[in-house]
Amino acid sequence: MDLISDAIVRADYFRRSPFAHGGRGGHKEWLHFCVHGPQVAALINFSVVDERRHHGPVPWQEAMRLTVLTHDGQWDGDVDVFDAHEVHLPGGKIHARYGPNSLRFIDGAYHIHVQMQNRPITMDLRLRPLSMPGRAPNLTREDGPPIHWVVVPRLEAHGTITIDGRVHELQSAPAYHDHNWGHWCWGDDFAWEWGFGQDEDPQNPWNMVFVRLTNRARTRIMAQAFSIWKHGRQMRTFREQEVTIFHEGKHLRPTSVTKIPRVMGLIAPALPTDVPHYQNIVGHSGQDRVTCRFEGHDVSQVIIPNDNDFGVTIINEVSGELVMEGQIGGEPIKMAGRAVFEFLGA
Amino acid sequence: MNFWEHSASGAQRNPATGDDCHDFRSFLKHSLRLLWEQHPPSYQQMALALAGKRVLIEIDHEAIALRFADGTVYTEDPYGHFDVEARTSKAVILGLVDGQHTLMSTVLEDLFFLRGAMPELLAFHEGLTFYLQGAVRAPSFPGLLRRFRALEPSQTTPTTHTQVR
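Chains as they are written, first to last, in the working numbering: chain A, 1 to 346; chain B, 1001 to 1165.
What follows is the structure, given as structure tokens:
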């Protein structure tokens, strides 16, 4: 097994909720993938989440969902829900089967098969990691335990994405993967901004990831980090006071937004008003300085019912373009390409 | 507390058999049971929003009445006085669930008929919102919805009488 595969197997396995073994309930976990083909972008998320139960003696129960969003000129996707008997999800492995959908890490690559229940979307993908995984084991929150994060920011995707009869063949398409887990409730006092970017040219060695965790009103920063990879190795991470993030210009004003699960459009029908058109990220420490500018184009929403109240948590998924430049250790950096940024809030 | 003891409908099906959804009336009754059982806060808020009111719901000419009293929803035959009347089709309901329509667009395009005084219509909207809030949180709702989708059009059984004021 090569070094990257070994590191992924050791870091990226499903943890599963400890509640069934006498541990704390409210565990949430997902493996998240983004793929950028020449004419298509896709988001695939396998999640397993403790949900509140108001009936019976057990207050929490795991719920398994597959979330898919695609864009090839128009948004499509949905959230499929699975009963326990339809799922095989062993803890300690990178292996999930949700009905006909599957995720496995074998022979040094993630193998993903998607076949949605109510949308005409199928995928057969092989994602080969090109970077070592990065770990952020303790993203601090104010009102609960930390959120954990493993990120594999650069992969190449091969395979097929079919959307309503439109077939997209992928060869060495840029891809991204991360894995989050921890204990929190949707509706807790936190929000996040997160994004990644890669150059269109696969020969360009640079890619970036950033994250910022704030309170829900976004008036207090709890954690922030801006990481740059080169040739698959994490070269520099700017943290906390070394990072400046600011919005520029007006906010996006979409006239319509695809919302998933689709039924949530009945509960949260409003259009977003707080997604920035431009997001700037500056990492600066000593002689090292890197700047990023993300321009958002299209927005879709993943809407999640809160665990303890009648509100919802809205995740704005924004596709766009990113330019990064600067220098680290005297070495110049320049990168431009497609990016996905995510803005979570109420 | 047994949900069926509070229902005046007389239907006593066991939801575990899968016979909980053979027409719209049975779907609605079972969905209310699920709400009461699996997300009581939504059920309570819905009953509170519509307290003292009687609502007619007619889907593809299959009608059922809901009476809200004492923090409970009673299902009844569709006769008598109604504070709110709501009429639409299974296709429109599924279109709303699938994000093809908004509630406003279905009303404005005459796909969803609503009748009542403004305070009653506002209460109906509030009650419907709490019903939906419970539906997206109750774990058995997706399965019930799948069974409703699978119903053949002829299985939304027309009633022999429709409500008239």
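Think of the CB as a built atom: it goes at the ideal place given N, C-alpha and C, for glycine as much as any other residue.
By alpha-carbon positions, which one of B:Q1100, B:T1075 and B:F1141 ends up nearest to B:I1057? In the second sequence, residue 1057 of chain B corresponds to position 57, counting from 1. The candidate whose alpha carbon is nearest that of B:I1057 is B:T1075.
Backbone secondary structure at A:W60 - three-state DSSP: Your numbering for residue 60 of chain A matches position 60 in the first sequence. DSSP places A:W60 in strand when its eight states are reduced to three.
In this structure, does DSSP put A:K250 in helix, strand or coil? Position 250 of the first sequence, counted from the start, is the residue given in the question as residue 250 of chain A. In this structure, DSSP gives A:K250 an extended state, which the three-state scheme calls strand.
Residues, ordered as in the chain, of the segment 246-269 of chain A that lie near chain B by beta-carbon distance below 7 Å: K259, R262, V263, M264, G265, L266, I267 and P269
Please state if the CB of B:L1128 and the CB of B:S1031 are separated by a distance shorter than 9 Å. Counted from its first residue, the second sequence places residue 1031 of chain B at position 31. Counted from its first residue, the second sequence places residue 1128 of chain B at position 128. No, the pair does not count as a contact, with Cβ atoms beyond the cut-off.
Unbroken stretches of the beta strand (DSSP E), 3 residues or longer, contained in the segment 198-266 of chain A: 206-214, 221-230, 233-239, 243-251 and 258-260
Using 8 Å as the Cβ pair cut-off and three pairs as the minimum, do the segment 205-214 of chain A and the segment 174-194 of chain A touch? yes
Residues of the segment 1086-1105 of chain B with a CB closer than 7 Å to any CB of chain A: list them in chain order, please. L1096, V1097, D1098, G1099, T1102 and L1103
A:I94 - DSSP class collapsed to helix/strand/coil: In the first sequence, the residue the question calls residue 94 of chain A occupies position 94. DSSP places A:I94 in coil when its eight states are reduced to three.
Would you call the CB atoms of A:V263 and B:V1097 closer than 9 Å? Within the first sequence, residue 263 of chain A is the residue found at index 263, counting from 1. Within the second sequence, residue 1097 of chain B is the residue found at index 97, counting from 1. A contact, by the Cβ cut-off of 9 Å.
C-alpha gap between A:D107 and A:P100, whole angstroms: For the purposes of this step, residue 107 of chain A is taken as the residue at position 107 of the first sequence. For the purposes of this step, residue 100 of chain A is taken as the residue at position 100 of the first sequence. Each residue's Cα considered, the two are about 21 Å apart.
Below-9 Å beta-carbon distance, B:F1130 vs any chain A residue: Translated into positions along the second sequence, residue 1130 of chain B becomes position 130. Yes, B:F1130 counts as interfacial toward chain A.
Just mark A:L66 as buried or exposed, buried being the case when its beta carbon has 16 or more other beta carbons within 10 Å. Start at 1 with the first residue of the first sequence, and residue 66 of chain A comes out as number 66. It counts as buried.
Give the residues of chain A in contact with B:H1039, contact being defined as C-beta atoms less than 8 Å apart. In the second sequence, counting from the first residue as 1, residue 1039 of chain B sits at position 39. Under the 8 Å cutoff, chain A gives H54.
Across the segment 304-316 of chain A and the segment 4-11 of chain A, are there enough close Cβ pairs to call them in contact, namely three or more that are closer than 8 Å? no
A:V151 versus A:L103 - alpha carbon distance: Here residue 151 of chain A corresponds to residue number 151 of the first sequence, with the count starting at 1. Here residue 103 of chain A corresponds to residue number 103 of the first sequence, with the count starting at 1. Those two C-alpha atoms are separated by around 17 Å.
Residues that A:F310 contacts on chain B, provided the C-beta gap is smaller than 7 Å: In the first sequence, the residue the question calls residue 310 of chain A occupies position 310. The answer, in chain order, is Q1133.
Which residues DSSP lists as bridging B:R1087, in chain order: Translated into the one-based positions of the second sequence, residue 1087 of chain B becomes position 87. B:E1058 and B:F1113, per the DSSP bridge assignment.
For A:T122, the three-state DSSP class (helix, strand or coil): The residue you call residue 122 of chain A lines up with position 122 of the first sequence. It is a strand residue.
Applying the criterion that 16 or more other CB atoms from any shown protein chain within 10 Å of the CB defines a buried residue, is A:Q203 buried or exposed? Position 203 of the first sequence, counted from the start, is the residue given in the question as residue 203 of chain A. Label assigned to A:Q203: exposed.
In the DSSP assignment, what are the bridge partners of A:S332? Here residue 332 of chain A refers to the residue found at position 332 when the first sequence is read from its first residue. One point to set straight first is that residue 332 of chain A is Pro, not Ser, in the sequence displayed. Beta-bridge pairing by DSSP links A:P332 to A:Q327.
Could you tell me which whole beta strand (DSSP E) segments of length 3 or greater appear in the segment 106-178 of chain A? 109-115, 121-129, 134-139 and 147-163
Just to make sure I have the definition right: I need the residues of chain B whose C-beta is within less than 8 Å of the C-beta of A:A63. Which are they? Locating residue 63 of chain A in the first sequence gives position 63, where the first residue counts as 1. At a C-beta separation below 8 Å, A:A63 has these neighbours in chain B: P1139.
Could you check the C-alpha separation between A:R218 and A:G345 for me, to the nearest Å? Taking the first sequence and counting its residues from 1, one reaches residue 218 of chain A at position 218. Taking the first sequence and counting its residues from 1, one reaches residue 345 of chain A at position 345. Cα to Cα, the separation comes out at about 9 Å.
Within its chain, find whatever has a CB closer than 7 Å to the CB of B:I1064; leave out the 5 residues flanking it on each side and keep chain order. As a first step, residue 1064 of chain B is located in the second sequence; it is residue number 64 there, counting from the start. If you ignore the 5 residues before and after B:I1064, its C-beta comes within less than 7 Å of the C-beta of R1025, L1028, I1057, T1075 and P1078, all in its own chain and listed in chain order.
Judging by CA-CA distance, which residue of B:R1146, B:F1141, B:R1147 and B:I1059 is the nearest neighbour of B:W1036? Within the second sequence, numbered from 1, the residue matching residue 1036 of chain B stands at position 36. Per the Cα distances, B:F1141.
Less than 8 Å between the CB of A:V302 and some heavy atom of the ligand ADP, yes or no? Only the bare structure without any ligand can be found here, which leaves the ligand ADP out of the picture.
Endpoints, alpha helix (DSSP H) assigned at A:S5: Taking the first sequence and counting its residues from 1, the one referred to as residue 5 of chain A is at position 5. Start and end: L3 to A11.
Would you identify the three-state DSSP class for A:V340, choosing helix, strand or coil? By 1-based counting over the first sequence, the position of residue 340 of chain A is 340. It is a strand residue.
Assigned exposure category for B:Q1163 - 16 Cβ within 10 Å defines buried: Position 163 of the second sequence, counted from the first residue, corresponds to residue 1163 of chain B. Caution applies to B:Q1163, whose pLDDT of 27 falls short of 50 and renders its modelled position unreliable; the value that the coordinates give is listed next. Answer is buried; the Cβ neighbour count reaches 16.
Helix, strand or coil: which one does DSSP assign to A:G286? Looking up residue 286 of chain A in the first sequence gives position 286. Coil.
Would you give the residue range spanned by the beta strand (DSSP E) that A:A42 belongs to? Numbered from 1 along the first sequence, position 42 holds the residue referred to as residue 42 of chain A. Taken as a continuous stretch (DSSP letters only), the beta strand (DSSP E) holding A:A42 covers A41 to R52.
Given that B:V1136 touches chain A, what residues does it touch there, using C-beta distances under 8 Å? Mapped onto the second sequence, residue 1136 of chain B falls at position 136. What B:V1136 touches in chain A: P261, V263, M264, I267 and P305.
What is the DSSP secondary structure of B:I1136, counted as helix, strand or coil? Residue 1136 of chain B sits at position 136 when you count from the first residue of the second sequence. Before going on, a small fix: residue 1136 of chain B reads as Val here, not Ile. Correct three-state label for B:V1136: coil.
Would the segment 235-253 of chain A and the segment 286-305 of chain A be scored as touching if the rule is three or more Cβ pairs under 8 Å? yes
Along the chain, where does the alpha helix (DSSP H) containing B:F1027 start, and where does it finish? As a working mapping, residue 1027 of chain B is identified with position 27 in the second sequence. Where B:F1027 is concerned, the enclosing alpha helix (DSSP H) starts and stops at F1024 to Q1038.
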